[in-house]
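Chains as they are written, first to last, in our numbering: chain A, 1 to 90; chain B, 1 to 160.
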């Protein structure tokens, strides 16, 4: 349900002129909710930024999520994070 | 990628029949500034709260749609985690709150100049909201008004 909540809050922010980006572990649900911008990551629920304590991986995911702000739109923009070098199971 | 098959049968059944709310049309704001000049706010649905704050009410039917304001300078490991969802493994988030509430990472990005500024308050919701009426009508608009008043250009939202 977290993924629906993120999409609905993002929608409210976008309506106020605040551009949003987000991360999703459940691509199908984010696609259904039509979250304006989301980066799909190959990690289990509970691990949106990949791995605890892995500053480098967490930073790479954040940079990729922010890069979606450059997508021309229209939304929704749903892209896959391809820079993971660790197995999908944490 | 996590898939629905990773979830318990109970959660899968729920999600298979649940009617998700969809944004239609999809509001899509162009960033007003480049990221290096933008004021960025963090919003999580990880249910984190300060020890001085009321925890979320995980017994509320349909979900607790309230939110907490967390100062951007907070040491994330001091935060409590209230989360109703039993759909995911909380071990990683307990070990490193940055996993779902990356204030530390965003402070580093602000220091390096990758983002213009980190907004003074971050917002924390508890995402297990199955009946989002109050979220849509009251708390999401209230949260958006706060960030609007702060002059936020970009918001990063992280689900748990």
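Even for Gly, the Cβ is constructed at its ideal location relative to N, Cα and C.
Computed from a prediction, not measured in an experiment: that's the story for all the values here.
Looking at the unbroken beta strand (DSSP E) that takes in residue i, where does it start and where does it end?
i, result
"residue 67 of chain B", "67-71"
"residue 77 of chain A", "77-80"
"residue 121 of chain B", "121-125"
So what does DSSP say about residue i, is it helix, strand or coil?
i, result
"residue 52 of chain B", "coil"
"residue 27 of chain A", "helix"
"residue 15 of chain B", "helix"
"residue 40 of chain B", "strand"
"residue 1 of chain A", "coil"
"residue 13 of chain A", "helix"
"residue 38 of chain A", "strand"
"residue 95 of chain B", "helix"
"residue 116 of chain B", "coil"
"residue 158 of chain B", "strand"
"residue 133 of chain B", "helix"
"residue 152 of chain B", "coil"
"residue 73 of chain A", "coil"
"residue 177 of chain B", "Look at the range of chain B in this structure, 1 to 160, and you will see that residue 177 of chain B is not part of it."
"residue 34 of chain B", "coil"
"residue 74 of chain B", "coil"
"residue 53 of chain A", "coil"
"residue 65 of chain A", "helix"
"residue 22 of chain A", "strand"
"residue 7 of chain A", "helix"
"residue 87 of chain A", "Only weak support exists for where residue 87 of chain A lies, its pLDDT of 47 falling under 50; the coordinates are left without a value."
Check the Cβ of residue i against every Cβ in chain B and list those closer than 8 Å, keeping chain order.
i, result
"residue 59 of chain A", "105, 108 and 109"
"residue 49 of chain A", "98, 99, 100, 102, 105 and 158"
Can you pull the chain A residues whose beta carbon is under 7 Å from the beta carbon of residue i, in chain order?
i, result
"residue 90 of chain B", "46"
"residue 29 of chain B", "14, 17, 18 and 19"
"residue 155 of chain B", "13, 18 and 20"
"residue 93 of chain B", "46"
With distance defined between alpha-carbon atoms, name the residue in the options nearest to residue i.
i, options, result
"residue 81 of chain A", "A/73, A/72, A/70 and A/57", "A/57"
"residue 69 of chain B", "B/34, B/147 and B/117", "B/147"
"residue 92 of chain B", "A/55, A/50 and A/11", "A/50"
"residue 30 of chain A", "A/60, A/10 and A/62", "A/10"
"residue 156 of chain B", "B/74, B/42, B/77 and B/115", "B/42"
"residue 119 of chain B", "B/38, B/9 and B/26", "B/38"
"residue 12 of chain A", "B/16, B/113 and B/141", "B/141"
"residue 62 of chain A", "A/19, A/48, A/53 and A/73", "A/48"
"residue 65 of chain A", "A/44, A/21 and A/4", "A/21"
"residue 122 of chain B", "B/73, B/53, B/114 and B/130", "B/73"
Just the chain A side, please: which residues come within less than 8 Å of residue i by C-beta, in chain order?
i, result
"residue 130 of chain B", "1"
"residue 76 of chain B", "Going along chain A, no residue has its Cβ under 8 Å from residue 76 of chain B, so there is no contact; the nearest lies around 11 Å."
"residue 35 of chain B", "66 and 69"
What are the boundary residues of the alpha helix (DSSP H) that residue i is part of?
i, result
"residue 111 of chain B", "103-111"
Closer than 9 Å by beta-carbon distance: list the chain A residues that pair up with residue i, in chain order.
i, result
"residue 45 of chain B", "1, 2, 3, 5, 6 and 9"
"residue 23 of chain B", "7, 8, 10, 11, 14, 33, 34, 35, 36, 75 and 76"
"residue 48 of chain B", "None at all; the shortest Cβ gap to chain A is about 13 Å."
Members of the region 7-19 of chain A near chain B, C-beta cut-off 8 Å: The residues in question are 7, 8, 9, 10, 11, 12, 13, 14, 15, 16, 17, 18 and 19.
Members of the region 59-85 of chain A near chain B, C-beta cut-off 7 Å: Of all residues in the region 59-85 of chain A, 59, 62, 65, 66, 69, 73, 74, 75 and 76 have a Cβ within less than 7 Å of some Cβ in chain B.
Short-range partners of chain A found in the region 121-150 of chain B, where Cβ spacing is below 7 Å: The residues in question are 125, 127, 128, 129, 130, 132, 135, 136, 140, 141, 143, 144, 147 and 148.
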